[in-house]
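What follows is a short report on a single structure.
Residue numbers (our numbering): 331 to 793.
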């Protein structure tokens, strides 16, 4: 009898070794006759050796599809996990009495998964548990990217059976600071002339200029220089027009916007312009409706905190303005056009760093010359019969973005632009001519800003 049991134990051991199953440390059952002892946890596709304090004569498993059992002696049992689930192991004594019932719980083997998780995400406090035939992940990770990696790895061990209870720690709110800077320079120069002569044969004139259709120099268009002289019976009246204009426009906008990682945020500082739109109805008549087109400083972005202070940003930024010079006119209806600078991009940048995501340098050059044939080609004197028009316009635009990881603070520590000034009293206004008076500091925020000594022009931002 002992030889048969020895051979059976050897056969079971050989089978487990061939299958690559490594027995775990033996567990000792606490015998509680007639009742169930503590549950026995067995990893799937692995075996556990169980030793009993009391010899048994017979044992059975309620669901052989979940766990398989083999006896090595009257006190030792091999339990092999086959499929996730729970079943009952029953032990009977030589007299047929019940020794104990053991709850056997078979769960997926997560030992290898835990090891791989530690290799891929070192230092992350991810807890791994089993639930029925699935895996439960909990704990706190440092970024959304690492959370996604843990979920992807878990899906390979338990496809479609992964429960995510993990949380992302650290700062997950992003403030995006965008600076729009645009410089527009323009130069225009004109030179033209008008020569009028009179003699015995009557009056006659020669015009070579940017002159109106009536044949006279444009009134008020620029500097007019005139002179008259005569040669014998011929009297000449010469008028020169010289015009030079220069222009410089500076545009700067700095919108700031805060949102949660992974959430979209939008910002508009400007307005909406009504535009009439013709629509056909069922009666064949045209109805005019109004659609509103936004203009101003527009910002739309979606940040994602990739790892600690590394931020991925999808953004759309635009600056637009009404341009009446390029208006559409039809049947007395004038619809102005819009000038627009827009960029759509995706960048990856660290907290506090800056990126110039867009730049534009536009240089328009126009040089026109008009002259009277033959007369305009005469050296020196030909300048009286020739006009020149020179125009140049340069536009330079740059858009710079700077993200910051932010966290909220107490509301009374914020200072508003209105915290530093208050409306003047009647005596301050009428007697002293003050348009605003300094507000006394009060409250915890007394705001340190309110204590500062601002001089010069009023405003929130001082340069």
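For every residue, glycine included, the Cβ atom is placed at its ideal position computed from N, Cα and C. Bear in mind that the values here come from a model prediction, so they are computed numbers and not experimental data.
- Message: Please report the straight-line C-alpha distance between residue 356 and residue 379, rounded to a whole angstrom.
- Response: In this prediction, residue 356 scores a pLDDT of 46, lower than 50, which makes its location untrustworthy; the coordinate-derived value is nonetheless stated afterwards. Approximately 5 Å between the Cα atoms of the pair.
- Where residue 685 falls: helix, strand or coil (DSSP): strand
- Message: Determine whether the beta carbon atoms of residue 421 and residue 382 lie at a separation below 8 Å.
- Response: yes
- Item | Element boundaries [beta strand (DSSP E), containing residue 640] | 640-660
- Query: Nearest-angstrom Cα distance between residue 631 and residue 498?
  - Reply: 21 Å
- Message: For a quick check, are the C-beta atoms of residue 633 and residue 673 less than 8 Å apart?
- Response: no
- Item | Nearest-angstrom Cβ-Cβ length linking residue 373 and residue 461, presumed shorter than 8 Å | Residue 373 to residue 461, Cβ: 14 Å. No contact.
- Look at residue 600 and residue 577 and say whether their C-beta atoms are less than 8 Å apart. no
- Which first and last residues belong to the beta strand (DSSP E) in which residue 451 is found? Segment: none, residue 451 is in no beta strand (DSSP E) and carries neither H nor E.
- Item | Distance between beta carbons of residue 687 and residue 729, contact taken as under 8 Å | 5 Å
- Item | Which residues DSSP lists as bridging residue 517, in chain order | 576, 722
- Item | Length of the line joining the Cα atoms of residue 656 and residue 574 | 23 Å
- Task: Following the continuous alpha helix (DSSP H) through residue 476, name the residue where it begins and the one where it ends.
- Result: 474-487
- Query: Does DSSP put residue 737 in a helix, a strand or coil?
  - Reply: coil
- Taking residue 495 and residue 466 to be in contact with their CB atoms under 8 Å, please state how far apart those CB atoms are, rounded to whole angstroms. 6 Å
- Message: Checking the sheet assignment: what are the DSSP bridge partners for residue 680?
- Response: 640
- Item | Sequence-distant residues of its chain with Cβ nearer than 8 Å to residue 493 (five each side left out) | 461, 464, 465, 466, 467
- Query: Which one of 475, 767, 724, 376 has the shortest CA to CA distance from residue 750?
  - Reply: 767
- Query: DSSP on residue 386, reduced to helix/strand/coil?
  - Reply: coil
- Query: Do you know how far the Cα of residue 385 is from the Cα of residue 400?
  - Reply: 15 Å
- Who are the Cβ neighbours of residue 406 in its own chain at under 6 Å, not counting the five residues just before and after it? 381
- Between residue 457 and the rest of its own chain, which residues show a CB-CB distance below 6 Å, the 5 nearest in sequence each way excluded? 468, 469
- Beta carbon of residue 667 nearer than 8 Å to that of residue 579: no
- If you draw a straight line from the C-alpha of residue 752 to the C-alpha of residue 606, how long is it? 43 Å
- Query: Measuring CA to CA, which of 720, 416, 760 is closest to residue 694?
  - Reply: 720
- Message: Less than 7 Å between C-beta atoms, sequence neighbours within five positions excluded: which residues of the same chain meet that for residue 602?
- Response: 622, 623, 624
- Message: residue 523 and residue 570 - do their beta-carbons sit closer together than 8 Å?
- Response: yes
- Item | Contact check, residue 434 vs residue 418, beta carbons under 8 Å | yes
- Message: Please classify residue 408 as buried or exposed, where buried requires at least 16 neighbouring CB atoms within 10 angstroms.
- Response: buried
- Message: For residue 450, count the other beta carbons within 10 Å of its own beta carbon; 16 or more makes it buried, fewer makes it exposed. Which is it?
- Response: exposed
- Does the separation of the CB atoms of residue 635 and residue 591 fall below 8 Å? yes
- Residue range of the unbroken beta strand (DSSP E) whose run includes residue 400: 397-401
- Item | Exposure of residue 404, with buried meaning 16 or more beta-carbon neighbours within 10 Å | exposed
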